[in-house]
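*Asks:* Quick one: structure below, then a few questions.
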Amino acid sequence: MMVHDAVSPGESGTIEGKPEAAWIARFDSPIQGRAQGPLAGLRFAIKDNIDAAGVPTTGACPAFDRHPTEHAQVVQRLLDAGATLVGKTNLDQFACGLNGTRSPYGAVPNSFDARQVSGGSSSGSAYVVATGQVDFALGTDTAGSGRVPAGLNNIVGLKPSKGLLSTRGVMPAAQSVDCVSIFAPTVAMALRVFEVARGFDAADPYSRTLPLATSRLPDRFRFGVPRELEFFGDALSAAAFDEAIERMASLGGERVPIDYAPLAEVAGLLYDSALVAERYAALRDFFDAYEAEVIEPVRSILASGRDHDAVDLLQAQTRLRSLAQQVAPMWQGIDVLLVPTAPTHCTIAAMLADPVVRNRELGAYTNFVNLLDYAALAVPSSIRPDGLPFGITLVGPCGSDLQLAELGQRYHHAAGGKLGATDEPLPPPAPMPLAVDSVRVAVVGAHLSGMPLNSQLTERGARLVAAATSAPDYRLFALSGTVPPKPGMLRVAPGAGASIALEVWEMPLAAYGSFVALIPAPLGIGTLTLSDGSSVQGFVCESIALEGAEDITHHGGWRAYVASRSQAAGA
4 MMVHDAVSPG ESGTIEGKPE AAWIARFDSP IQGRAQGPLA GLRFAIKDNI DAAGVPTTGA
64 CPAFDRHPTE HAQVVQRLLD AGATLVGKTN LDQFACGLNG TRSPYGAVPN SFDARQVSGG
124 SSSGSAYVVA TGQVDFALGT DTAGSGRVPA GLNNIVGLKP SKGLLSTRGV MPAAQSVDCV
184 SIFAPTVAMA LRVFEVARGF DAADPYSRTL PLATSRLPDR FRFGVPRELE FFGDALSAAA
244 FDEAIERMAS LGGERVPIDY APLAEVAGLL YDSALVAERY AALRDFFDAY EAEVIEPVRS
304 ILASGRDHDA VDLLQAQTRL RSLAQQVAPM WQGIDVLLVP TAPTHCTIAA MLADPVVRNR
364 ELGAYTNFVN LLDYAALAVP SSIRPDGLPF GITLVGPCGS DLQLAELGQR YHHAAGGKLG
424 ATDEPLPPPA PMPLAVDSVR VAVVGAHLSG MPLNSQLTER GARLVAAATS APDYRLFALS
484 GTVPPKPGML RVAPGAGASI ALEVWEMPLA AYGSFVALIP APLGIGTLTL SDGSSVQGFV
544 CESIALEGAE DITHHGGWRA YVASRSQAAG A
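Under my numbering, the letters of the sequence shown match residues 4 to 574, in that order.
This is the structure:
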């Protein structure tokens, strides 16, 4: 396999933010996946702590230079599904950092402003997705490395429940909590990759078969928010998170304040206790022989793992379990936890001037997740007034991955915006693989909001999802002799109709049968096509009932027709 270095290692301690630093190697000859499969035609990159056969794995340390003879299990699954691997990406050395500057290959810049950090350690993988160079990329996440770069670059970062994606062929950072993560421009793309990539691997000691929750969160769900929030003086991020809370409430969420102190203490254990010894253990043989080849502050972090004995480690593990027990009741009061993905942005210069403190700030809301065996999904939220992105992270119990994806997609589309740092618009939402416990139905007449029969919806617990229009393939008629007055909607040949205003309501599936039973002939329920190309259940009419009916298509909808009649009566 022929590869070329996109960048060359600089002198120790010299870091320059430059776009090409996102790559460690772009393959002259991409590794082709199968010709057919669910990911056929998609291109992806992998973080350079993940193995690709015949390509060096360096972990951003040239002296490490591992030469794998087979692909990491997760890479093999993606190739088998038809995706094509095009290269390996830069990272904070040995996946130790959350900022993207800790690499001898150069600092990976933020995709919106090269003076700002990209987030790490999966910095390169996030950058190449945000700039549209690949369709998706793999990273790893131990303390937030699959989420912080997503938040700082306006893309999605899926951090699955531990053990769902094999880590065989992945250089460990802290193996008991490591996860392979997925970067993508949309939740739908990330979930598409996740469904292919996950699977039990008996050769991975931490792989597991885990049942996933398959029902969506309730229409009225509860989202936890830390009672006291820290943005480290960043007023723009604070305002952006206030906006995010309001948006989540608009989706049906009820804000519930939670005590963040025990979660923050869990986060501190990762580096400030004997748990850091796991990072040293992952690289002990290499580190003891080549310590001078490791850059600062990674060298000091790994070396600190030598300072702890087995008793220290057991005490730290016991403290972690105690905190986990203390935090567990939180989930009785909330369905999901909402936090800023990163509470602030930071320039590369500021990060280099104070690398430990600035890095810790970026991980203020991420470090606890893997230690407590939670799932998480980072989603774009807004572009701040200074042009930099702000993202939120949804956190849920182990196995809530699909529920987070469903809510995350709804949130992302409510926020809108472009894909990553490109000018590409956000595509329509995709179906989520969750059990159907509700049905959406389009209404065009007497069931509209404020109309005489709307109570037939509301008394069955239906909620208004959106005002919409049909595809331009329908005509609307005022039926004669109906009480209360009703319209009939008829599908016609393409070009012979118009778009009709309607409302889409979501109703519990258990109540749908009784609703349909109330619909009198000649009306019925069929499948309507909306203007965005999607389909939904909705009111249709038998064509025989339209003889002598008034064609009111030119009004564009029943509400406008009723208003016109009222005006005529008043005149």
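All C-beta atoms, glycine included, are put in the ideal place defined by N, C-alpha and C.
Remember, predicted model here, so these are calculated numbers, not experimental data.
(1) I'd like to know whether the C-beta atoms of leucine 549 and phenylalanine 480 end up nearer to each other than 8 Å.
(2) Please return the same chain residues whose Cβ sits closer than 7 Å to the Cβ of proline 208, not counting the five positions on each side in sequence.
(3) Contact defined as beta carbons within less than 8 Å: I believe alanine 140 pairs with serine 128. What is the distance between those atoms, to the nearest angstrom?
(4) Over what stretch of residues does the alpha helix (DSSP H) that includes glutamate 281 continue unbroken?
(5) Which class does valine 330 belong to by DSSP, given the choice of helix, strand or coil?
(6) Starting from glutamate 509, trace the beta strand (DSSP E) in both directions and tell me its first and last residue.
(7) Please report how far the alpha carbon of glycine 85 lies from the alpha carbon of arginine 37, in whole angstroms.
(8) Between the stretch 271-284 and the stretch 375-389, do three or more beta carbon pairs fall short of 8 Å?
(9) With which residues is glycine 541 paired in a DSSP beta bridge?
(10) For the beta strand (DSSP E) holding serine 114, just list the boundary residues, first then last.
(11) Between Glu73, Ile158, Val151, which has its C-alpha nearest leucine 422's C-alpha?
(12) Per DSSP, which residues does tryptophan 26 bridge with? Please list them.
(13) Taking the straight line between their C-alpha atoms, what separation do you get for alanine 514 and arginine 463?
(14) Apart from the five residues on each side of it in sequence, which residues of its chain come closer than 6 Å, Cβ to Cβ, to tyrosine 477?
(15) By the three-class DSSP mapping on this structure, what secondary structure does glycine 227 have?
(16) Would you mind sorting tyrosine 293 into buried or exposed? The rule is 16 or more other CB atoms within 10 Å of its CB.
(17) Can you check whether the CB of asparagine 362 is closer than 8 Å to the CB of leucine 101?
(18) To which residues of the same chain is serine 546 closer than 8 Å at the C-beta, ignoring the five residues directly before and after it?
(19) List the endpoints of the continuous beta strand (DSSP E) containing glycine 142.
(20) Using the DSSP secondary-structure output, state which residues sit across from tyrosine 414 in a beta bridge.
(21) How about alanine 146 and glycine 453: are their beta carbons less than 8 Å apart?
(22) State the DSSP-derived secondary structure class of aspartate 31, mapped to helix, strand or coil.
(23) Decide if serine 11 is buried, meaning its Cβ has at least 16 other Cβ atoms within 10 Å, or exposed.
(24) What does the alpha-carbon distance come out to for the pair phenylalanine 244 and cysteine 99?
(25) With distance defined between alpha-carbon atoms, name the residue in Ser253, Phe30, Ala110, Gln35 nearest to proline 358.
(26) Considering only their Cβ atoms, is the gap separating threonine 532 from serine 473 smaller than 8 Å?
(27) Which residue from Phe235, Leu167, Glu233 puts its Cα closest to that of alanine 205?
(28) In chain order, what residues of the same chain lie with their CB nearer than 6 Å to the CB of tyrosine 263, ignoring the 5 residues before and after it?
(29) So the alpha helix (DSSP H) phenylalanine 197 belongs to, where does it begin and stop?
(30) How do the stretch 296-308 and the stretch 337-344 stand: do at least 3 beta-carbon pairs fall below 8 Å, yes or no?
(31) Kindly list the residues whose CB is nearer than 7 Å to the CB of glycine 411, restricted to its own chain and excluding five residues on each side of it in sequence; keep chain order.
(32) How is isoleucine 3 classed by DSSP in three states: helix, strand or coil?
(33) Count the other CB atoms within 10 Å of the CB of arginine 104; is the residue buried (16 or more) or exposed (fewer)?
(34) Determine which residues share a DSSP beta bridge with aspartate 575 and list them.
(35) Indicate whether valine 330 and leucine 391 have their beta-carbon atoms separated by less than 8 Å.
(36) Can you tell me the Cα-Cα spacing of leucine 407 and glycine 560, whole angstroms?
*Replies:* The relevant details are as follows:
(1) Yes.
(2) Close CB contacts of proline 208 within its chain, under the 7 Å cut and outside five residues either way in sequence, are absent.
(3) Right, their Cβ atoms sit about 4 Å apart.
(4) Start and end: 280-285.
(5) Three-state DSSP puts valine 330 in a helix.
(6) First-last of the beta strand (DSSP E) with glutamate 509: 504-511.
(7) Going from the Cα of glycine 85 to the Cα of arginine 37 covers about 4 Å.
(8) By the Cβ rule, the stretch 271-284 does not count as touching the stretch 375-389, because fewer than three pairs are nearer than 8 Å.
(9) Among the bridge pairs identified by DSSP, glycine 541 is matched with Ala445, Gly529.
(10) In the DSSP annotation of this structure, serine 114 is not part of any beta strand (DSSP E), being labelled neither H nor E.
(11) With distances taken between Cα atoms, leucine 422 lies closest to Ile158.
(12) Under DSSP, tryptophan 26 takes part in a beta bridge, and its partners are Thr92.
(13) Near 6 Å, if we compare the C-alpha coordinates of arginine 463 and alanine 514.
(14) Contacts found: Met492, Arg494, Gly500, Ile503.
(15) Strand at glycine 227.
(16) Under this definition tyrosine 293 is an exposed residue.
(17) Going by C-beta atoms, leucine 101 is nearer than 8 Å to asparagine 362.
(18) In chain order, Leu493 place their CB closer than 8 Å to the CB of serine 546, counting only its own chain and leaving out the 5 sequence neighbours on each side.
(19) Counting along the chain, the unbroken beta strand (DSSP E) around glycine 142 starts and ends at 139-144.
(20) Looking at the DSSP assignment, tyrosine 414 forms no beta bridge with any residue, so it has no partner.
(21) Inclusion of alanine 146 and glycine 453 in the CB contact set at 8 Å is not warranted, their separation being larger than that value.
(22) In this structure, aspartate 31 counts as strand in the three-state DSSP scheme.
(23) For serine 11, the pLDDT reaches just 49, beneath the cut-off of 50, and the residue's location in the model is therefore unreliable, leaving the point undetermined.
(24) Going by the C-alpha atoms only, they are around 27 Å apart.
(25) That would be Ala110, whose Cα lies nearest to the Cα of proline 358.
(26) Taking C-beta atoms as the reference points, serine 473 and threonine 532 count as a pair closer than 8 Å.
(27) Selected option, being the one with the closest Cα: Leu167.
(28) Pro229.
(29) Note, phenylalanine 197: alpha helix (DSSP H), 190-200.
(30) Segments in contact, no.
(31) Answer for glycine 411: Val190, Leu380, Val382, Leu397, listed in chain order.
(32) There is simply no residue 3 to check, as the chain begins at 4 and stops at 574 in what is shown.
(33) Checking the sequence shown, residue 104 turns out to be threonine, not arginine. By the Cβ neighbour-count rule, threonine 104 is buried, with 16 or more other Cβ atoms within 10 Å of its own.
(34) In this structure the chain extends from 4 to 574, so residue 575 is not present and cannot be described.
(35) Result no, Cβ atoms of valine 330 and leucine 391 do not sit closer than 8 Å.
(36) For leucine 407 and glycine 560, the distance between alpha carbons rounds to 36 Å.
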